[in-house]
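Engineer: My questions all concern the structure below.
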Amino acid sequence: MSVRRIRNGSARPPGAGLTTPGLVVPRGGLSRRKVLGRAAGAGLLVTPAASLLAACATGGGDDSDDGPDANAENPFGFAPDSRIDAVFFTGGFGTEYPNALAEEFAKHWPDAQVGVATTETIRTEMQPRFAGGNPPDFLNNSGDEELALDGLVNDGAVHPLTELMDAPSLDDPNTPIRDTVVVGVEEFGSFGGTMYSLNLVNSSYGMWYDAKLFRDNGWAPPTNWSEFLALAAQMQAAGIAPFINGNATGLWYLQNVLMEWVNLEGGHEVTVAIDNLEPGAWQQAAVVTAASRLQELVDNGLVYPGMEGLTHIQAQQTWLDREAGFLWCGTWLEAEMSDEAVLEEHEVGDGGIPADFEMTMMAPWAPSDQPVLAAGSVRNQPGEPFVIPTAAANRAGGLELMRVMLTKDFADRFTELTNTATVVKGTGQNVQSVAFQSAAAVTSAAPDNLLWRWEGWYNQKMYADTMEPLIGELMAGRASAQDLLDAMEDAAAEVRDDPDIEKFTREI
């Protein structure tokens, strides 16, 4: 669960591929080794890539004949001496948690084997396996190369997770798993009313700054556009770029900046209109204001020079080096920049978090001085998707690995390793890092939750084919804000008029 995505939900972008295949947890346990380990979407969009993936995906899978009968202690009929093929995205959540999960699994099922494989290039490596009918049993589908879940669901390539939510918790056999996780886990993992994706992380997103740098300079975090511009001038005078993003792999981050501003400026009516594909939704005044602010950042030189060529990791390191004042990211930031292997992969191997750096999250400032939503509103939702392929050879094993992943012991261990909260209730109470505590404080104090769903519902056409390339051109100075909005309006119309794309709506 590390990126992205995101990506989700959402996701976080990766760098170049790095795979560790075939690491097996022996029967009886595993000694610790470093293993590299991205927001949730929802929709049913037919895409050529997804159809290719699923071409053979529905022809295999375990049916229950090879394993024991299901019972309260073994609700999925998992064969206790079987092997589970588990693939994890490497990115924002450090190098140790996949092995920690395998170790926790061995405590419950000592005769089983968990094969841990890691990669930053999910699509490149998993697409052939799905198409060939031999996908893994358990997949952390995240990062810049995450497979389009909307298409996978439409083609029947991923298994429904209703039985996981119905299963008894390992912490309390009298409590179903759905009652042990926070509100939103099923909603943000559902497509057409059925849950297909488990989002492990309780993600918060926002702008990040160095509290020490601000304190030393007498600066205060801005809440609106005028305050930001005044602070940006002071940053520039101090030789610091006001804003940075790694455009080479992090265009998804910019989409989030835009949509947070849209939601703040216009309120929930505006984002609901966008999600519901209403004609003219991308030309609403609040959307125009938000997109214009992105262009203003570029036109007025308020972004880090050369950020178009930086990966998200390189941009984050530049920010840690105090060459930029603000960075947008999710709560995986601290863990990601503490991971030596990730830093080396992105050619910042001598980087990392300075000892005196006070990594602090804040709610996004508004793109005007009179937004509809109150200052301090922030986006918080389950993210970092995991799926069980329909054609998995050991689907019951994958489901049981998910059940172990949702225990309090593993959730606490995950938070300890990543400084990131999970969706498991009553866990992660003892983390003291500045980054973790600041995110928790911002989230708990937020007067409203920022939300949009179009990116997941209609990912291929509206995000991958339109938003991502156009927002990159905008931030490179080669397109205007209006170019972006016109393209998004056209993409929404194409989706709206396509009878083969299932449509979704929501209310405020």
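Each residue of the sequence shown is one higher than the one before, starting from -10 at the first, in the numbering used here.
Cβ atoms here follow ideal geometry from the backbone N, Cα and C, with glycine treated the same way.
Since this is a predicted model, take the numbers as computed values, not measurements.
Nearest-angstrom Cα distance between A91 and E334?
Structural biologist: A91 and E334: Cα-Cα distance of roughly 24 Å.
Engineer: For the beta strand (DSSP E) containing R167, name the first residue and the last one.
Structural biologist: Neither: R167 is in no beta strand (DSSP E) and is coded neither H nor E.
Engineer: What do you reckon, is the C-beta of A482 under 6 Å from a heavy atom of the ligand SAH?
Structural biologist: With respect to the ligand SAH, the structure offers nothing, as it holds no ligand at all.
Engineer: Can you tell which of Y185, F403, S281 and R467 has its C-alpha closest to the C-alpha of L388?
Structural biologist: Nearest of Y185, F403, S281 and R467 to L388, Cα basis: Y185.
Engineer: Can the beta-carbon of L362 be found closer than 7 Å to that of D437?
Structural biologist: Yes, the pair counts as a contact, with Cβ atoms nearer than the cut-off.
Engineer: According to DSSP, simplified to helix, strand and coil, what is L7?
Structural biologist: Caution applies to L7, whose pLDDT of 30 falls short of 50 and renders its modelled position unreliable; the value that the coordinates give is listed next. Three-state DSSP puts L7 in coil, outside helix and strand.
Engineer: Put F77 into one of helix, strand or coil per three-state DSSP.
Structural biologist: DSSP places F77 in strand when its eight states are reduced to three.
Engineer: Considering M326, what are the terminal residues of the beta strand (DSSP E) in which it resides?
Structural biologist: From DSSP, M326 is part of no beta strand (DSSP E); its letter is neither H nor E.
Engineer: So S193 and T432 are in contact, right, with Cβ under 8 Å, and what is the actual spacing, rounded?
Structural biologist: S193 to T432, Cβ: 5 Å. Contact.
Engineer: Please report the straight-line C-alpha distance between A344 and D133, rounded to a whole angstrom.
Structural biologist: Rounded to the nearest angstrom, the two C-alpha atoms are 30 Å apart.
Engineer: In angstroms with no decimal places, state the Cα-to-Cα distance between A435 and V142.
Structural biologist: Going by the C-alpha atoms only, they are around 33 Å apart.
Engineer: Let me know if A75 comes out buried or exposed under the rule of 16 or more other beta-carbons within 10 Å of its beta-carbon.
Structural biologist: A75 should be labelled buried.
Engineer: Please report the straight-line C-alpha distance between I490 and A381, rounded to a whole angstrom.
Structural biologist: Near 27 Å, if we compare the C-alpha coordinates of A381 and I490.
Engineer: Leaving out five residues before and five after G17 in sequence, what residues of the same chain have Cβ atoms less than 7 Å from its Cβ?
Structural biologist: Any answer about G17 is weak, because its pLDDT of 33 lies below 50 and its placement is not dependable; what the coordinates show is given next. Around G17: A95 and P99.
Engineer: Does DSSP classify N252 as helix, strand or coil?
Structural biologist: The answer is helix: DSSP assigns N252 an H, G or I state.
Engineer: Going by CA-CA distance only, name the one from E405, I302, E347 and M296 that's closest to N419.
Structural biologist: Among E405, I302, E347 and M296, the Cα nearest to that of N419 is on E405.
Engineer: Within the continuous beta strand (DSSP E) that includes S281, where are the two ends?
Structural biologist: Looking at the DSSP string, S281 is not in any beta strand (DSSP E); the run it does join, the alpha helix (DSSP H), is A274 to D288.
Engineer: Can you give the beta carbon distance from D199 to M348, rounded, assuming they're within the 8 Å contact cut?
Structural biologist: Correct: roughly 7 Å between the Cβ atoms.
Engineer: Taking C-beta to C-beta, are L291 and A221 nearer than 7 Å?
Structural biologist: In contact: L291 and A221 (Cβ atoms closer than 7 Å).
Engineer: In chain order, what residues of the same chain lie with their CB nearer than 8 Å to the CB of G235, ignoring the 5 residues before and after it?
Structural biologist: Only P2, Y242, M296, L299, T300, H301, I302, Q303, A304 and Q305 meet the Cβ criterion.
Engineer: At which residues does the alpha helix (DSSP H) containing N408 begin and terminate?
Structural biologist: It is not in any alpha helix (DSSP H) - N408 carries neither H nor E in the DSSP assignment.
Engineer: Once you ignore the five residues that flank G48 on each side, which residues in its own chain have a CB closer than 8 Å to its CB?
Structural biologist: Summary for G48: the model assigns pLDDT 44, below 50, so the residue's position carries little reliability, and this model does not support an answer.
Engineer: Measuring CA to CA, which of M115, S71 and T79 is closest to P378?
Structural biologist: Minimum Cα distance to P378 is reached at M115.
Engineer: What is the rounded straight-line gap between the Cα of E496 and the Cα of V261?
Structural biologist: In a straight line, the C-alpha of E496 is about 7 Å away from that of V261.
Engineer: Could you check the C-alpha separation between F77 and G239 for me, to the nearest Å?
Structural biologist: F77 and G239: Cα-Cα distance of roughly 20 Å.
Engineer: Taking buried to mean at least 16 other C-beta atoms within 10 Å of its own C-beta, is R369 buried or exposed?
Structural biologist: The residue you asked about is not Arg; residue 369 is Asn in the sequence shown. So N369 counts as buried.
Engineer: For A38, which three-state DSSP category applies?
Structural biologist: Low confidence applies here, because A38 scores a pLDDT of 33, under 50, leaving its location unreliable and the question unanswered by this model.
Engineer: Alpha carbon to alpha carbon, what distance is there between F315 and W197?
Structural biologist: Their Cα atoms are separated by approximately 6 Å.
Engineer: Look at L189 and T411 and say whether their C-beta atoms are less than 7 Å apart.
Structural biologist: Closer than 7 Å, so yes.
Engineer: Ends of the beta strand (DSSP E) at A313?
Structural biologist: From DSSP, the beta strand (DSSP E) with A313 extends over A313 to G319.
Engineer: Please go through the same chain and pick out, in chain order, the residues whose beta-carbon is closer than 6 Å to the beta-carbon of V246, but skip the five residues on each side of it.
Structural biologist: Here the set comprises W317.
Engineer: Measuring CB to CB, does P353 end up less than 7 Å from E249?
Structural biologist: Yes; because the gap between Cβ atoms is below 7 Å, this pair is in contact.
Engineer: Alpha carbon to alpha carbon, how far is L439 from G340?
Structural biologist: Going by the C-alpha atoms only, they are around 33 Å apart.
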